[in-house]
DNA sequence: AGAAAAACTTAACAAATGATAAAAAACGAA
DNA sequence: TTCGTTTTTTATCATTTGTTAAGTTTTTCT
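Residue numbers (full-length UniProt numbering), protein chains in the order written: chain A, 1 to 187; chain B, 1 to 187.
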């Protein structure tokens, strides 16, 4: 998915603003297993996935939560770095070799402050992420792990082939062993 | 909390834009138990709480999830109406007699399209809600209901006095009976 | 104040999930 | 391919949370 499609997906931008915007991006590649965002750092860049898949997760004590998976067109971002310029709670690792579009938060802030079309793009971007976050929250509060797993299968059927069971389980908020048991029961 | 404080809390706006912005608000009052946002409607307005407390919840089948409580300075909003102009999944009821500031989404869209300062205010607003949503999600995935209850007590000590146990339980994702048992165990 | 309604607690049993361990299957590198 | 590693399954037992029901306390209304 190229950068034009990625930006347009969020919000249309007029041609001259879009040109200015796209000039700030750089294409980069990283290998599988690369830890691209670290929770102990204020991250200076955000990324969009051209090709590949990533996992956002958070560590506390000895346990780990998978917050999200990102596929082509999705964003790799430390929210607390991007929004508050603070150390985040997210780590993001690449689950495959990835091709990414990179832009610095400094460039973004500058574009937001000077171009109303891009400012509204930034607003739409946050709003769409917010909708996703709330839907995710509601579906995790409702129903059993079995229901959530079946819903995930329906919504992201390809994900199960690309990602290990343990990570899916951590995304669903259960242990890998529980998920294996659930799979045995629904077939 | 007045409308100046509420708007500034999110993002500073220059004086003339702020004046234009505030002119679009209207003060309204509603009694306790009023259902101000309904999930079966596209809502045309959003509200900020001057005085009082509200609860956002979602119904599916026969169960109900409390998504959030809103106190003074917080927003009463159907995200899907505001962002996508679609019917939402949220109901919002007032838990006390409330004084509110009201603005139409149409006015907001108009302000966003024409004033870069207000567009960036809208961006910051969505971003801050996003941070809250993600923190909430992470803390609900981690640890036991007991830990989440203790965390809530620390973060919002006044809430427990203003809101019934059943609603707190539904916020924590457990039943009222379970929460009562938890309270009996931690004292 | 007194009656009715709502909120909260307690208890017993059921269901879902966690923890641990061991075995089987799938995957990857030499 | 083959050996070693990782992933997945299966099983057992412990813990947490849900369900139902009954009883107590608190709040609300007249």
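Here a beta-carbon is modelled for each residue, glycine too, at the ideal position from N, C-alpha and C.
Each residue's CA atom was taken as its position, placing residue 169 of chain A and residue 144 of chain A some 13 Å apart. Of the candidates A/67, A/7, A/106 and A/105, A/67 places its Cα closest to the Cα of residue 93 of chain A. Taking 9 Å as the CB threshold, residue 58 of chain A lines the interface with chain B. Residue 97 of chain A and residue 50 of chain A have their C-alpha atoms some 11 Å from each other.
With contacts defined as CB atoms closer than 9 Å, residue 58 of chain B and residue 101 of chain B fail to qualify as a contacting pair. In the structure shown, the three-state DSSP call for residue 56 of chain A is strand.
With contacts defined as CB atoms closer than 9 Å, residue 78 of chain B and residue 37 of chain B qualify as a contacting pair. Secondary structure at residue 174 of chain A: coil, using DSSP grouped into helix, strand and coil. With fewer than 16 other CB atoms across the displayed protein chains lying within 10 angstroms of its CB, residue 35 of chain A is exposed. Close partners of residue 89 of chain A in chain B (Cβ separation under 9 Å): 134, 135 and 138. For residue 121 of chain A, the CB contacts under 8 Å within the same chain, skipping 5 residues up- and downstream, are 7, 10, 11, 13 and 21 in chain order.
For residue 111 of chain A, no beta strand (DSSP E) run applies; the uninterrupted alpha helix (DSSP H) run containing it begins and ends at 105-114, by DSSP. Looking at the DSSP output, residue 65 of chain B shares a beta bridge with B/58. When secondary structure is reduced to three states using DSSP, residue 26 of chain B falls in the strand class.
Taking 9 Å as the cut-off between beta carbons, the residues of the segment 73-88 of chain B near chain A are 79, 80, 82, 83 and 84, in sequence order.
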